[in-house]
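Have a look at the structure below, then the notes.
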Amino acid sequence: RKEVEQDPGPFNVPEGATVAFNCTYSNSASQSFFWYRQDCRKEPKLLMSVYSSGNEDGRFTAQLNRASQYISLLIRDSKLSDSATYLCVVNGRSGNTGKLIFGQGTTLQVKP
Amino acid sequence: EAGVAQSPRYKIIEKRQSVAFWCNPISGHATLYWYQQILGQGPKLLIQFQNNGVVDDSQLPKDRFSAERLKGVDSTLKIQPAKLEDSAVYLCASSLAGGPDTQYFGPGTRLTVL
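Structural data, given as structure tokens:
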């Protein structure tokens, strides 16, 4: 089983749609969770951290369910510029909390 | 603020040849990471340095890969000899202090092994 699992997609949605991505992780000791965004042929960039209470940044909402070891990202009112790959990321096992484990990414294509 | 610098941006070599990649992290960042990203996959950590010491190299194929960060600033990753399956983007990242800090990635080096 992969440590971080995501549906690779692609998700093809029209502008203005709401889309949700899910991710599961296997290490119950993980303490930190993130969504990174990666544009085609570019480096990953932090989109947002994910907190236990859930958090929102504009059109983006992230949720964490520790009991189910499940993370989600909701994008409202999709824009063409949201087209990218979204990487679910958790920190590694205790002893090296700087080690990030990346999912394979979910590709989003927003169409006009 | 200058970002993470990497060179070269692209490299094409034949299998069994050697190749080296260079990374200069963001100024003041103590922690430096090398990742391998194969097409269609997420980045995989190869090695993590804290200053000039290795924190984690558990996923580094040590029979052919080596990395150093001698003065605790810039770093070099070497592959010798390269195999076809080493074709990937090699990403360098840095963070201020290690731990679950935000990691900032460089643009990567795209390696093609023929």
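Respectively, the protein sequence lines represent chains A and B.
Each residue of the first sequence is one higher than the one before, starting from 645 at the first, in the numbering used here.
Each residue of the second sequence is one higher than the one before, starting from -4 at the first, in the numbering used here.
Virtual Cβ for every residue (Gly too), placed ideally from N, Cα, C.
Spatial neighbours of Val84(B) in its own chain (CB-CB distance under 6 Å, excluding positions within 5 residues in sequence) are listed in chain order as Gln32, Gly103 and Arg105. Per DSSP, the unbroken beta strand (DSSP E) holding Ala15(B) starts and ends at Val14 to Asn19. Secondary structure of Glu63(B) (DSSP, three-state): strand.
By the Cβ neighbour-count rule, Tyr99(B) is buried, with 16 or more other Cβ atoms within 10 Å of its own.
Taken through DSSP and simplified to helix, strand or coil, Ser90(B) comes out as strand. The continuous beta strand (DSSP E) containing Tyr680(A) extends over residues Phe677 to Gln682. The Cβ neighbour count for Ser90(B), taken over all protein chains shown within 10 Å, is at least 16; the residue is labelled buried. Looking at the DSSP output, Asn666(A) shares a beta bridge with Ser716(A). Burial of Asp726(A) is indicated by the presence of at least 16 other C-beta atoms within 10 angstroms of its C-beta. In terms of Cα proximity to Lys66(B), the closest of Leu79(B), Glu9(B), Asn19(B) and Val14(B) is Asn19(B).
Residues of chain A whose Cβ lies closer than 9 Å to the Cβ of Thr26(B) are, in chain order, Gly742. Put simply, the segment 702 to 718 of chain A touches the segment 654 to 667 of chain A. At least three CB pairs are less than 8 Å apart.
The DSSP-derived three-state label of Glu80(B) is helix.
Taking all protein chains shown into account, Leu34(B) has fewer than 16 neighbouring C-beta atoms within 10 Å of its C-beta and is therefore exposed. Between the alpha carbons of Ser82(B) and Thr107(B) lies a distance of about 5 Å. Around the beta carbon of Thr729(A), a 10 Å sphere encloses 16 or more other beta carbons of the protein chains shown; the residue is thus reported as buried.
In the DSSP annotation of this structure, the continuous segment of the beta strand (DSSP E) that includes Ala728(A) starts and ends at Ala728 to Asn735. Shown here, Ser725(A) sits in a helix according to DSSP, grouped into three states. Shown here, Gly747(A) sits in coil according to DSSP, grouped into three states, outside any helix or strand. Sixteen is the threshold: since fewer than 16 other Cβ atoms of the shown chains lie within 10 Å of the Cβ of Thr662(A), the residue is exposed.
Not flagged as an interface residue toward chain B: Gln713(A), since no C-beta distance is shorter than 9 Å. Chain B has a Cβ within less than 9 Å of the Cβ of Val733(A).
In the DSSP assignment, Val108(B) falls within the beta strand (DSSP E) that extends over Thr104 to Val108. Shown here, Gly101(B) sits in coil according to DSSP, grouped into three states, outside any helix or strand.
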